[in-house]
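Protein chains: 2
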Amino acid sequence: MGLAELVGVERNESGITVVAGKLAARFGERFQTGEAIRRQHAHTTSYIPSQLPDGVFFAASEADVQEAVELCAMHRVPIVPFGTGTSLEGQVNAPGGGISVDLSRMNRVVAVHAEDLDCTIEPGVTREDLNAYLRDTGLFFPIDPGANASLGGMASTRASGTNAVRYGTMRDNVISLRAVMPDGRVVQTARRARKSSAGYDLTRLLIGAEGTLGIITELTLKLYGIPQAISGGVCQFPSIEAACQTVIATIQMGIPVARIELINALGMRSINAYSKLDYGESPCLFIEFHGSESGVAEQAQSFGEIADEFGGGPFQWTNVAEDRAKLWKARHNAYWAGMALRPGASALITDVCVPISRLAECITETENDIAANGLIAPIVGHVGDGNFHVQVMIDTEDRGEVERAEAFVGRLNMRAIGMDGTCTGEHGVGQGKSGYLVHELGSGIDYMRTIKAALDPHNIMNPGKILPRAHS
Amino acid sequence: MGLAELVGVERNESGITVVAGKLAARFGERFQTGEAIRRQHAHTTSYIPSQLPDGVFFAASEADVQEAVELCAMHRVPIVPFGTGTSLEGQVNAPGGGISVDLSRMNRVVAVHAEDLDCTIEPGVTREDLNAYLRDTGLFFPIDPGANASLGGMASTRASGTNAVRYGTMRDNVISLRAVMPDGRVVQTARRARKSSAGYDLTRLLIGAEGTLGIITELTLKLYGIPQAISGGVCQFPSIEAACQTVIATIQMGIPVARIELINALGMRSINAYSKLDYGESPCLFIEFHGSESGVAEQAQSFGEIADEFGGGPFQWTNVAEDRAKLWKARHNAYWAGMALRPGASALITDVCVPISRLAECITETENDIAANGLIAPIVGHVGDGNFHVQVMIDTEDRGEVERAEAFVGRLNMRAIGMDGTCTGEHGVGQGKSGYLVHELGSGIDYMRTIKAALDPHNIMNPGKILPRAHS
């Protein structure tokens, strides 16, 4: 599986010329074709080479998006939605060229319904912006994928992150959404009730569709009360196995842990070096509890007892905000700490997710694979969900090394699938993982293709993503 | 909106004859055409008149379901899945005749993965059977719609019930499923990882599709550890408004209430009479907390303080299992207590769901509507979700009364939709609510139709359900 397997999309040169001309005439400065801007809109944190769009349209409203989609539909031109460009699997690349629709100017908070614990926002609002906006309400939006991504992008890739173990993923936290569909019409997928049995779940169909079925123009999200108390801490373990057994027991006990993050020995070494800390260089869990004062104290104590049973600890925790902030800053800097292990290299980041009973085995086999192939690749994981990231540091100029890294990723993805897991827990498929979907989902791919063809018969919506090449 | 609006399905007489003949020849006793059995398979708790299938096939395996679907597909004959027949909106009716596939013999628990907090089951397993099976594992499956429904049926109607406020609905608790699709092939929608970003969410597409896109043949469900402690109690309020404000404040405070059920004054009167109790006949909340010993005590105390602030209470709670069982038995018997208000009458049960900020207003307007129209109709609600049921007691022989009740339901559904809510929080659309979907979802219906036509081009899967008649 290599880049050569990327799904090709034929260029419609004449259509692109017509659409670009019309967008320029209609929107002036809001349609840009300079190379720097086009390059920026194909750039991601990914190792996958950029494929530039022919122009970038800065949409300011749903009506703008509709106009662009109608034009692209009429002339059979690809349209690629863009949020903040923090996706990891080439989701914003334009393999057949076409128009990138930048949604960052659609960044209004439309409404906050505090009594209903929900809010309605435009897709360009980022998660940090939303939480800053909410600061005085006592409410917050929990999903935290690390990057300050746009919420439209997070919905499109079904993102999650550190506290999904407690609050769920984007799948669980979108009440309804609006989208411009491939035929240019707007759909509102649901109303604002917390639950509904009113027909097919169009909300969930668009979440995780990566812009291939429509462009999200508004989201209604669940909010949560900021916990009265938060406690957190760090706990070292003699082995990955001991750490994972502690996680399993913690969840089985019903301790409502808010975050439980594993970092392996190499990851801890990189964090110590980068953040000037002196943790032991053995597998480590970063943990956080949300609740009442006495609740979080009780949770922390119960967790400490479980860790002790499996040979971990001592578990040192704090409810002092500054100390917690320092701790989580170290965890959040894990990516940069990993980068510092090999200055100048690029990161290839994986995100397999397996049933938690297989997690220790999956991580241990993966560590052995890393060692056997001489790769530099720390591991961090949202282990409450069975999800972990390997950050493979590669020199993208060295073709042999890229191939070795890709082969490693292939083995990792197939290992996870073989353990009844998925090749992508939270980053999405994009271009990088479409080749693995058929191993993971078999005939499911055919039904995805049927749905895609029915809703987007001219394949204009982010073509070349998710669905692998059809083999006839 | 009346029964005359039901979506018609043309009978394919010759196809039905061929399929019935082949099923009888192939499966013998497992294919039944006697009227009693056919009647039983069209019977539901609904007021909607029965429409009998032409035969009932007792499937014992996924391969059986595949054979039946292939036959029905070849001869363009409707196929209607049947679990326990506890659906409320005519979901198991056969408006164009055809074959009812009874899945109750597919009742094996395939696997329990205690470490992963999940299990894999066949669709005919009922929720009570599953929990009995799990008894010694310390785990349980929480979704409780009242009836002892099959889990396949619960997934198909996106069911929920009393503790969705804490544990979510069927949408949130199915990790993956297998289904026989309209072309006769089997799909496995996902693997067993707790979360995934691997393409379109086929799991959620089939949940709530009421058998119109495929027949579910296996489910992998989330399980939970049985809470260490459970406390519960009853709290009276001077008004619906006071009760709803208490619910809002409780949820906003982040108190992880496991159940919070409202019963209105008439509901309380019926319960007192039926269960020989002496509660006050004013709006009442039944509440339950799950957690540690100290946790549930703290939650109960915090709730009591909130209720007091809004003029409710005193909140009397207990963690003695027998006392709680008595309390919840009274709540669970609310349906029968309502029936006893008018012996011999049938119940028409609604299930609108609105944003919780509109709940008091919605219930109060509905109580006024009930009074103005001289209906006998107690109200119970899963108010943590904004969902409530009106149980309209009607004499189905009295055409005028049925029409008055249907007109009332129409106003109620439109009232909920007008408050940004849904006409169905948990019972599904079936035949009874398809006429309201267009008001609720507008163009969403068109995309549902597109998906249905693409996946089931011959409209053999439970035809005449969910999607309203197309107006051209």
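As given, the protein sequences belong to chains V and W, one line each in that order.
697 is the number of the first residue of the first sequence in our numbering; add one for each residue after it.
697 is the number of the first residue of the second sequence in our numbering; add one for each residue after it.
From the three backbone atoms N, C-alpha and C, an ideal C-beta is built for every residue, glycine too.
- Check W/THR853 in the structure and name its three-state DSSP category. coil
- Please compile the residues from chain V whose C-beta is within a distance smaller than 7 Å of the C-beta of W/ILE944. GLU811
- Message: Using a 10 Å radius around the Cβ and a threshold of 16 neighbouring Cβ atoms, would you call V/GLY1082 buried or exposed?
- Response: buried
- Contact under 8 Å by Cβ, W/ARG862 with W/PRO923: no
- Please confirm if W/GLY704 has its CB atom under 8 Å from at least one CB of chain V. no
- Task: Examine the ligand MG and report whether any of its heavy atoms sits within less than 7 Å of the Cβ of W/THR822.
- Result: For the ligand MG, the structure offers nothing, since it holds no ligand at all.
- Query: Taking only beta-carbon atoms, is W/ASP798 less than 8 Å away from chain V?
  - Reply: no
- If we ignore side chains and look at the alpha-carbon of each, how far apart do W/GLY1128 and W/ARG874 end up? 28 Å
- Task: With a threshold of 16 other CB atoms inside 10 Å of the CB of W/VAL1048, please say whether the residue is buried or exposed.
- Result: buried
- Which residue comes first and which comes last in the alpha helix (DSSP H) that contains V/ALA1017? 1017–1028
- Task: Can you give me, in chain order, the residues of the region 998–1024 of chain V that have a beta carbon less than 9 Å from any beta carbon in chain W?
- Result: SER998
- For V/GLU785, three-class secondary structure by DSSP: coil
- Task: Report the three-state DSSP secondary structure of V/MET1157 (helix, strand or coil).
- Result: strand
- Give a yes or no on whether the C-beta atoms belonging to W/THR1046 and W/VAL1105 are separated by under 8 Å. yes
- Message: What would DSSP say about V/ALA700, mapped onto helix, strand or coil?
- Response: Caution applies to V/ALA700, whose pLDDT of 39 falls short of 50 and renders its modelled position unreliable; the value that the coordinates give is listed next. DSSP places V/ALA700 in helix when its eight states are reduced to three.
- Assigned exposure category for W/THR899 - 16 Cβ within 10 Å defines buried: buried
- Query: Does DSSP put V/GLN932 in a helix, a strand or coil?
  - Reply: strand
- Item | Inter-residue Cα distance where the pair is W/SER796 and W/THR913 | 15 Å
- Which value, in whole angstroms, describes the spacing of the CA atoms of W/MET949 and V/GLY921? 6 Å
- Message: Can you check which of these residues, W/ILE903, W/THR865 and W/MET964, is closest to W/ALA954 by C-alpha distance?
- Response: W/THR865
- Whose C-beta lies closer than 6 Å to the C-beta of V/ASP816 among residues of the same chain, with five residues either side of it excluded? Here residue 816 of chain V turns out to be Thr, not Asp, going by the sequence shown. Closer than 6 Å at Cβ, skipping near neighbours: VAL806, ALA807 and THR916.
- Query: Going straight from the alpha carbon of V/ASN827 to that of V/ASP812, what length do you get?
  - Reply: 17 Å
- Query: Which residues does DSSP pair with V/ARG955 in a beta bridge?
  - Reply: V/GLU984
- Query: Counting contacts by CB-CB distance shorter than 8 Å, is V/MET964 in contact with chain W?
  - Reply: no
- Message: As a quick exercise: from W/ARG890, W/GLY781, W/GLN747 and W/LEU958, pick the residue whose alpha carbon is nearest that of V/HIS1078.
- Response: W/ARG890
- Given 8 Å as the limit, is there contact between the region 1050–1065 of chain V and the region 1020–1032 of chain V, that is, 3 or more CB pairs closer than that? no
- Query: Pick from W/GLY1009, W/MET1089, W/GLU1005 and W/ALA1017: whose alpha carbon is nearest that of W/LEU1044?
  - Reply: W/MET1089
- Query: Cα-Cα, which of W/VAL1134, W/PRO1164, W/LEU1163 and W/ILE1156 is closest to W/ALA764?
  - Reply: W/ILE1156
- Task: Please state whether DSSP places W/ALA1036 in a helix, a strand or coil.
- Result: coil
- Message: Closer than 8 Å is the cut-off here; do at least three beta carbon pairs connect the region 1129–1146 of chain V with the region 867–886 of chain V?
- Response: no
- Item | DSSP state of V/ASN1083 mapped onto helix, strand, coil | strand
- Task: Measure the CB-CB distance between V/ALA1033 and V/ILE967 and report whether it falls below 8 Å.
- Result: yes
- Query: If we cut at 8 Å on Cβ distances, does W/LEU1133 have a partner in chain V?
  - Reply: yes
- With a threshold of 16 other CB atoms inside 10 Å of the CB of W/GLU984, please say whether the residue is buried or exposed. buried
- For V/ASP868, which residues in chain W fall below 7 Å Cβ to Cβ? ASP868
- Item | Within 9 Å of chain W by C-beta, residues of the region 1109–1128 of chain V in sequence order | ALA1112, ILE1113, MET1115, ASP1116, GLY1117, THR1118, CYS1119, THR1120, GLY1121, GLU1122, HIS1123, GLY1124 and VAL1125
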